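Asks: Pasting a structure here, questions to come.
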Amino acid sequence: KMVHAAAGEEHSAAVSAEGVLYTWGSGSFGKLGHGEPADSQTPQKVVTEGKVVTQVACGYAHSVALCASYDVLVWGSGFKGKLGLADDQNRLLPTPISSLKRKHVKLIVCGSFHTLVLTEAAGTKPSIGVPDAAGEVDV
Numbered sequence: 725k726m727v728h729a730a731a732g733e734e735h736s737a738a739v740s741a742e743g744v745l746y747t748w749g750s751g752s753f754g755k756l757g758h759g760e761p762a763d764s765q766t767p768q769k770v771v772t773e774g775k776v777v778t779q780v781a782c783g784y785a786h787s788v789a790l791c792a793s794y795d796v797l798v799w800g801s802g803f804k805g806k807l808g809l810a811d812d813q814n815r816l817l818p819t820p821i822s823s824l825k826r827k828h829v830k831l832i833v834c835g836s837f838h839t840l841v842l843t844e845a846a847g848t849k850p851s852i853g854v855p856d857a858a859g860e861v862d863v
């Protein structure tokens, strides 16, 4: 049973009730998270190193997953820093955004060329944006 799904321009993703993530479609830039930039015509499991996924979002050439542990995993095209990892490098596998650890991310959203997160960290008001190199999330 699938409980969450998302679609990008050329790829799709779904999360099972058990928190397992599946992706399929165009694999360009590594946006499927399978470790290589290859296409997949059928849903394939994405290795999340034991993390339980609750949400997924797809941009044009990147993907983002939110885990039950509040970890945010990103992969695919890093063009213009849209993965929030303080560089422009592509990632072929899900990579955690360490600057969002303990920020209590509640929602993730992708546009074609950007990523947004809604946080509710203890002692702060909710905010939305892509973390900068210092780990700050702009409102």
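Per our numbering, the very first residue in the sequence shown carries number 725; after that it's consecutive. Note that the Cβ used here is the ideal one computed from N, Cα and C, for glycine as well. Owing to the predicted nature of the structure, the values given are computational and were not obtained by experimental measurement.
1) Excluding sequence positions up to five away, which residues of its chain have a Cβ less than 6 Å from the Cβ of A738?
2) Suppose you measure from the CA of E844 to the CA of R826; what does that come to, to the nearest Å?
3) Report buried or exposed for F837, applying the criterion of at least 16 other Cβ atoms within 10 angstroms of its Cβ.
4) Would you tell me roughly how many angstroms separate the C-alpha atoms of K812 and S764, rounded to the nearest one?
5) Can you name, in chain order, every residue of its own chain whose Cβ lies under 8 Å from the Cβ of H735, other than the five neighbours on each side?
6) Taking just the CA atoms, how far does S793 sit from V777?
7) Under the DSSP definition of a beta bridge, which residues are partnered with V788?
Replies: Judging by the given coordinates:
1) Along the sequence shown, read from residue 1 onward, the residue named residue 738 stands at position 14. M726, A729 and Y746, listed in sequence order.
2) Here residue 844 refers to the residue found at position 120 when the sequence shown is read from its first residue. Here residue 826 refers to the residue found at position 102 when the sequence shown is read from its first residue. Answer to the nearest angstrom: the Cα atoms are 10 Å apart.
3) Within the sequence shown, residue 837 is the residue found at index 113, counting from 1. Exposed is the call here.
4) Against the sequence shown, residue 812 aligns to sequence position 88. Against the sequence shown, residue 764 aligns to sequence position 40. The displayed chain sequence assigns Asp, not Lys, to residue 812. Their backbone Cα atoms lie some 25 Å apart in a straight line.
5) Within the sequence shown, numbered from 1, the residue matching residue 735 stands at position 11. Same-chain partners within the cutoff: T747, W748, G749, S750, G751, K755, L756, C782 and S787.
6) Within the sequence shown, residue 777 is the residue found at index 53, counting from 1. Within the sequence shown, residue 793 is the residue found at index 69, counting from 1. Roughly 9 Å separates the two Cα atoms.
7) The sequence position of residue 788 within the sequence shown is 64, counting from 1. Looking at the DSSP assignment, V788 forms a beta bridge with A781 and V798.
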